[in-house]
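If you're matching positions, the sequence shown starts at 1 in our numbering and goes up one per residue.
Idealized CB from N, CA, C, for every residue including glycine.
Note that the structure is predicted; figures quoted are calculated from it, not measured.
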Amino acid sequence: MMIGTNAMYAYEASAGVFFDISTMATKDMDIRPKLIHVADKDMDNTGLLGIIKKADRSFESISPSGFRAVNRDGFMVDLIKLEPKQLLNKETRRMGGPDDLEAAEIRNLQWLISSPKFFQVVIGEDGYPASLVVPDPLAFALHKLWLSEQSDREPVKKQRDHDQGLAVAQLIIQYLPQYQFNIPELRMFPKDVV
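Structure, rendered in structure tokens:
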């Protein structure tokens, strides 16, 4: 499941429009795979890092036990997971062995994870189709707007989050009338956030 800026490609494809390129500017991809043991003859102990290296051999972990891998072009892939409900709980943070990426725990990520999934085929820059699984656009917009108001968020990211949240909200209102900003549709968020 892709939850960061790149999820916006699914929303624009569904609406048949393009976001302003400055709104889409990012050099990273935030993904949240299910952190379970995968039993597959092609899967070895390299985990997520091994999977993304199959797509681009230049990907390397930025630091030992880090959550981010970067390729030679500076594109980053972040492995993230829910923050544990009880801080003393230790949960699996890797898909593979000790050299794999270790998921960063993200506060309130459950809001996006609990939202309905949005499936969309997009066309990549190489002309090939790709299926994306992303959060419901209502949840994405609301989460981005909430992030933009967090005092501990970097100022540059706060502005980007605000712009992206508004862009997706406007897209929903203008082009995706099947989605409504109402409390029952956003029950995964606290009422005061909605």
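Top-ranked residue by Cα proximity to Y179, from P116, A130, Q164 and N108: From the listed residues P116, A130, Q164 and N108, the smallest Cα separation to Y179 is found for P116.
Every unbroken alpha helix (DSSP H) within the segment 143-188, with a cutoff of 4 residues, ordered by chain: Qualifying alpha helix (DSSP H) stretches, in chain order: 155-175.
Contacting residues, own chain, Cβ-Cβ under 7 Å from F118 (five flanking each side not counted): Scanning its chain for C-beta atoms nearer than 7 Å, with the 5 sequence neighbours on each side dropped, one finds around F118 the residues A10, V134, P135, D136 and P137, in chain order.
Enclosing alpha helix (DSSP H) for E12 [first to last residue]: E12 -> alpha helix (DSSP H) spans M8 to A15.
Nearest residue (CA-CA) to S148, options A13, Q159, F140 and L176: Per the Cα distances, Q159.
Span separating the alpha-carbon of I172 from that of P98: Taking the CA atoms as reference points, I172 sits about 42 Å from P98.
Outcome for S65 when other beta-carbon atoms lying within 10 angstroms are tallied against a minimum of 16: Label assigned to S65: exposed.
Distance CB(V168)-CB(F140) smaller than 7 Å: With contacts defined by Cβ atoms closer than 7 Å, V168 and F140 form a contacting pair.
Local Cβ density within 10 Å of F59, reported as buried at 16 or more and exposed below that: Buried, because 16 or more other Cβ atoms sit within 10 Å of the Cβ of F59.
Enclosing beta strand (DSSP E) for S131 [first to last residue]: Element bounds for S131: P129 to P135.
Three-way DSSP call (helix, strand, coil) for S22 in this model: In the structure shown, S22 sits in a helix (DSSP, three-state: H, G or I).
Distance CB(Q120)-CB(L101) smaller than 7 Å: No, they are not a contact pair.
Reduced DSSP category for L101 - H, G, I as helix; E, B as strand; rest coil: Coil at L101, not helix or strand.
Within 7 Å, strictly: CB atoms of A103 and I80: Yes, these two residues count as a Cβ contact at 7 Å.
Other residues of its chain near M19: CB distance less than 7 Å, five sequence neighbours each side excluded: A quick correction: the sequence has Phe, not Met, at residue 19. These residues qualify, in order along the chain: M8, E12 and A167.
N-terminal and C-terminal residue of the beta strand (DSSP E) that I80 is part of: Going by DSSP, I80 is part of the beta strand (DSSP E) stretching over M76 to L82.
Helix, strand or coil at I265 according to DSSP, with G and I counted as helix: The first residue shown for the chain is 1 and the last is 194, placing residue 265 beyond what the model contains.
Buried or exposed (CB count within 10 angstroms, at least 16 for buried), A39: Confidence in A39 is poor, its pLDDT being 37 and thus under 50, which makes the residue's placement too unreliable to answer from.
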